[in-house]
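Residue numbers (this note's numbering), protein chains in the order written: chain D, 756 to 1105; chain U, 756 to 1105; chain S, 756 to 1105.
One structure is given below, encoded as structure tokens.
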Amino acid sequence: MSVAASAMKLSEIADRLGTTCEGDESRMIMGIAGIRDASEGDLTFLANKRYAAAARDTNASAILVPRDWNQATGAAVLRVEDPDAAFAEVARWFAPPAYEPPPGIHPSAVIAEDVQLGADVRIGALSVVESGVHLGDRSVVHPCAYIGPETRIGVEARIYPQVSIREHTRIGDRVIIHNGAVIGSDGFGYTVDGKGVRTKIPQIGIVEIGNDVEIGACVTIDRARFGKTVIGNGVKIDNLVQIAHNVVIGDHAVIVSQVGISGSTRVGKHAILAGQAGVAGHIVIGDGAVVAARGGVTKDVPAGAFYSDYPAMPHNEARKKHAYIARLPKMKEQIAELEKRLKQLEEGRT
Amino acid sequence: MSVAASAMKLSEIADRLGTTCEGDESRMIMGIAGIRDASEGDLTFLANKRYAAAARDTNASAILVPRDWNQATGAAVLRVEDPDAAFAEVARWFAPPAYEPPPGIHPSAVIAEDVQLGADVRIGALSVVESGVHLGDRSVVHPCAYIGPETRIGVEARIYPQVSIREHTRIGDRVIIHNGAVIGSDGFGYTVDGKGVRTKIPQIGIVEIGNDVEIGACVTIDRARFGKTVIGNGVKIDNLVQIAHNVVIGDHAVIVSQVGISGSTRVGKHAILAGQAGVAGHIVIGDGAVVAARGGVTKDVPAGAFYSDYPAMPHNEARKKHAYIARLPKMKEQIAELEKRLKQLEEGRT
Amino acid sequence: MSVAASAMKLSEIADRLGTTCEGDESRMIMGIAGIRDASEGDLTFLANKRYAAAARDTNASAILVPRDWNQATGAAVLRVEDPDAAFAEVARWFAPPAYEPPPGIHPSAVIAEDVQLGADVRIGALSVVESGVHLGDRSVVHPCAYIGPETRIGVEARIYPQVSIREHTRIGDRVIIHNGAVIGSDGFGYTVDGKGVRTKIPQIGIVEIGNDVEIGACVTIDRARFGKTVIGNGVKIDNLVQIAHNVVIGDHAVIVSQVGISGSTRVGKHAILAGQAGVAGHIVIGDGAVVAARGGVTKDVPAGAFYSDYPAMPHNEARKKHAYIARLPKMKEQIAELEKRLKQLEEGRT
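In structure tokens form, the structure reads like this:
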């Protein structure tokens, strides 16, 4: 499947990427596609040098390749530093705009009288926008979304269907929230009596989300017990992530799918938590730290460190640990061998 | 609790299961129930031979047992190859049909003018069906669901409340999608600049789902960066599963709850990923392979293999690894013993 | 951010907590806040003795501290047994009531004619309440929720937006269900033929939820294959938890975020499953047992036990196991040393 939202001359693509074209640069490019799916008129890219055969056989009209690539292909060749990034760039030029509901407020949406809507706001069918909400200019609320009382959302937000945003949430500019995500549900907090019966602690804080944040489908972000749960600027959160009450996520951090972050933990700026990682409560993960997929963090992680395993430790230590475990059969043999030789010595002495 | 949607003579049940009845075969069976919950008029089954006492004491009027079972019971006995499967078969005869909204389109639903609806389609209250959608014959959209523009759904679909299906999705025949599932949300893809600031890569592909697929509650399936994310025919997906962009799931694969599959990974036909397993990106899992619960797959898995542990390895190796780890206290003792004997030898020599 | 829903004299707070005030007890307290965020008029608390500097510098007017605390602070001091619990108690006095939609039924909600609504029920905009539903006195259904046919809900329920409750569910009194949760979706059950093709087993049971239960955002609880899935009284379930068909959760159990519980497993009363734990099917977890975060339970857990690791084992054993693994480099050295000394002995003998 190729995507053809517009057409562009190959020479223009080469110019905009700061490279030249080896082949017919007057060719019109109509769309982009993967190397095996591409057809005539498409631009593709070499994601990995292992795909040399696919590059030779591709039906694409042009291909982005690394500067030093020297294999055969029938397509016109554009050499670039990073074909993947360059292809993403071209994809932005060709991508059709994200689907939006038509301008204005759908008559079936239920909008409180006192909402403050910026210019060119769109609200889809059967959405609910409660009292006191502010929605910034050019923000889009898709159908079937719920925005709770006194919530403020900046400019150019994109709120997808079935999203729930609870009361008093603060959301910055250019934030995207995918379907089914829940922002501002109560934190998980109870007092427990002598019989093990729990009583709910009121969760009277809020959630505050910065600018340029993207939040995946079915993500849950709890409001603070008091004060606020904070998602910094530029943070990207993948699907099905859990962020507990009073967590603070630093600017530009990346939280991959199915990660869970327990209450009051702080994640540093530019930190990356890979898929299915988990972090205990009241932990500090330093700026720029990386936790590998499935890492289970039980202690603070220093800035810039790369941690993995469970309980999480520096990745080098984890690698050594696994290497030692892999040597266990060998160690067992060595012990048996020592035992045998020692026995011979003992018998020789008697 | 027994389920009594109809009544059937025990002789007829025996006939349809290809067996005979030991006991009063003229007895009317009014419902089915678990061995401990059953009351008079119910059919039950022996799930496990350990439940001999429950079989003796059950109030059920009839019981499905393995062919070689020889314990006491007051119920009429039907011997079958696989009591569990036979009970499931009887359950299908007795099960009330799944609840459906009434025929037609509820007046509160918001349906674009140009949708194409097959015969006997039902659409529940407050659902949204956007422009260009095709819905096949006898498909059912429950209340509060959202179906995005240009999506095509085959015959006899069952779309439950709060489901979100985004634009351009392709769905086959007889597909069931449970409440809160999200199909076609954006893949998680960014380019990153020198300062660690990420820019969204447009996700311009689609999701394509085959025939006879069932998708659990709050599952998230991302659309492809370009091209398509594919769910094959007969695939069964449990609740809270994450399927990233450009993943391809082969026909009849089974994905159990809370599994996460990273971008561009391919899961073979008839493969099984058990609960909470995770798979890294760009991995190939062969046809018929099984990944045990919690398995964390970081390398390709051959067809037919049974992998477990993290990082995932052949299950036999994982078992050996754990056995070696369990021997560590013994090894420590052996080393101490060798040390002691060696010291005696050394002292003896001096 | 401080929360100021009311004002209370410090002497009254001290009285109600059964303590006295060291400082100006006539002071009006206007809100509560964390130790670093508090401003004049706020009450705060010392969560941890490490925060002595914050206690010295806080702008709060009063602080809850442990009885034996003896550091400097400018705030009035209230000594209590457990500052955290006492603060939660004060928070309950100051907390604004949870947001509720206005009294009555919003005209845009779609309510079947035969529903039975108790006194003072509130139903928000664009919610659907199907035929045969009972809603107890003072229950609140927020906007955009779906309550399926024949479901019964007790008094003072709080059902948040985007919740789905399927047909025939039974819910007790004072139950809170957070946004996006799904109650009563089909269990994951199939028979499989010789070609590996699966056929759905009807899931004709129900979900039954006790009194005083809280269920987090995007939790999924499947209906029983037959009979019922049971959530006992006082159970607290955090976000994104999966509870499979026919599971039984005992009274007052606590299930933390992202836990998965497989089919037919029984969790004892007052048991605690910490974050990201997983439990296989048909397991029994005894009363009061605790499974640590990430624990993967593959066998029964005795009452009162504390299990961790994967596969889960008594926590003491798991600690020993990890200690032995950490000793592996030392063991390797010991073996090399023995080898060397043994070789010397052997050479000495020849």
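All C-beta atoms, glycine included, are put in the ideal place defined by N, C-alpha and C.
Identified DSSP bridge partners for residue i
| i | result |
| --- | --- |
| Ala-831 (chain S) | S:Ala-817 |
| Lys-764 (chain D) | D:Met-783 |
| Lys-991 (chain D) | D:Glu-969, D:Val-1009 |
| Lys-955 (chain S) | S:Tyr-945 |
| Leu-772 (chain D) | Paired residues: none, contrary to the question. |
| Glu-1094 (chain S) | Paired residues: none, contrary to the question. |
| Tyr-854 (chain S) | Answer is none; Tyr-854 (chain S) lacks a bridge partner. |
| His-889 (chain S) | S:Gln-871, S:Arg-907 |
| Arg-822 (chain U) | Per DSSP, none; premise fails for Arg-822 (chain U). |
Host beta strand (DSSP E) of residue i (start-end)
| i | result |
| --- | --- |
| Val-937 (chain U) | 937-940 |
| Ile-976 (chain S) | 975-977 |
| Glu-1072 (chain U) | It is not in any beta strand (DSSP E) - Glu-1072 (chain U) instead sits in the alpha helix (DSSP H) that spans 1070-1081. |
| Glu-963 (chain D) | 961-964 |
| Tyr-945 (chain D) | 945-947 |
| Ser-882 (chain S) | Counting along the chain, Ser-882 (chain S) falls outside any beta strand (DSSP E), and DSSP gives it neither H nor E. |
| Val-910 (chain U) | Note, Val-910 (chain U): premise wrong, no beta strand (DSSP E); not H, not E. |
| Ser-1063 (chain S) | 1061-1063 |
| Asp-797 (chain D) | 797-800 |
| Val-918 (chain U) | Segment: none, Val-918 (chain U) is in no beta strand (DSSP E) and carries neither H nor E. |
| Val-985 (chain D) | 983-986 |
Where the alpha helix (DSSP H) through residue i begins and ends
| i | result |
| --- | --- |
| Phe-842 (chain D) | 838-849 |
| Asp-812 (chain U) | 807-812 |
Where residue i meets chain D, residues with beta-carbon distance less than 7 Å
| i | result |
| --- | --- |
| Ser-863 (chain S) | Val-865 |
Under 8 Å by beta carbon: chain U residues contacting residue i
| i | result |
| --- | --- |
| Cys-899 (chain S) | Cys-899 |
| Tyr-1079 (chain S) | Ile-1080, Leu-1083, Pro-1084, Lys-1087 |
| Glu-1101 (chain D) | Arg-1096, Leu-1100 |
| Gly-935 (chain S) | Gln-917, Gly-935, Cys-973 |
Chain S contact residues for residue i, given Cβ-Cβ distances below 7 Å
| i | result |
| --- | --- |
| Pro-957 (chain D) | Ala-846, Arg-847, Ala-850 |
| Ile-787 (chain U) | Phe-981 |
| Glu-922 (chain D) | Tyr-854 |
| Asp-797 (chain D) | Those within 7 Å of Asp-797 (chain D) in chain S number zero; the least Cβ separation is about 37 Å. |
| Val-883 (chain D) | Ala-880, Leu-881, Pro-898, Cys-899 |
| Thr-946 (chain D) | Ala-840, Ala-843 |
Chain-ordered neighbours of residue i on chain D, where CB pairs are closer than 8 Å
| i | result |
| --- | --- |
| Leu-833 (chain S) | Near Leu-833 (chain S) there are no residues of chain D at all, since even the closest Cβ is about 17 Å away, more than 8 Å. |
Anticipated Cβ contact below 8 Å, residue i with residue j, distance rounded
| i | j | result |
| --- | --- | --- |
| Glu-905 (chain S) | Gly-927 (chain S) | So it is not a contact: roughly 16 Å between Cβ atoms. |
| Val-910 (chain U) | Arg-893 (chain U) | 6 Å |
| Ala-1078 (chain D) | Asp-1064 (chain D) | Wrong, their Cβ atoms sit about 13 Å apart, outside the cutoff. |
| Asp-941 (chain D) | Gln-958 (chain D) | 4 Å |
| Ala-864 (chain U) | Ile-878 (chain U) | 5 Å |
| Leu-772 (chain S) | Val-835 (chain S) | 6 Å |
| Cys-899 (chain U) | Cys-899 (chain D) | 7 Å |
| Ile-931 (chain D) | Arg-913 (chain D) | 5 Å |
Neighbour list for residue i in chain S, Cβ cutoff strictly below 9 Å
| i | result |
| --- | --- |
| Cys-776 (chain D) | Correct list: empty, because the minimum Cβ distance to chain S is about 49 Å. |
| Tyr-1062 (chain D) | Simply none; closest approach about 15 Å. |
Closer than 8 Å at the beta carbon, the chain S residues around residue i
| i | result |
| --- | --- |
| Ile-1090 (chain U) | Met-1086, Gln-1089, Ile-1090, Leu-1093 |
Residue i: contacting residues in chain U (beta-carbon distance under 7 Å)
| i | result |
| --- | --- |
| Leu-995 (chain D) | Thr-975, Leu-995, Gln-997 |
| Gly-951 (chain S) | His-1007, His-1025 |
| Ala-1035 (chain S) | Ala-1048 |
Proximal chain U residues relative to residue i, where beta-carbon distance stays under 9 Å
| i | result |
| --- | --- |
| His-1070 (chain D) | Residues of chain U passing the Cβ test: none, with the nearest at roughly 13 Å. |
Amino acids of chain D, ordered along the chain, whose beta-carbon sits closer than 9 Å to that of residue i
| i | result |
| --- | --- |
| Glu-969 (chain S) | Asp-941, Phe-943, Tyr-945, Arg-953, Lys-955 |
Which residue spans inside the stretch 995-1051 of chain D form an unbroken alpha helix (DSSP H) run of at least 4? Segments of the alpha helix (DSSP H) lying fully in the stretch 995-1051 of chain D: there are none.
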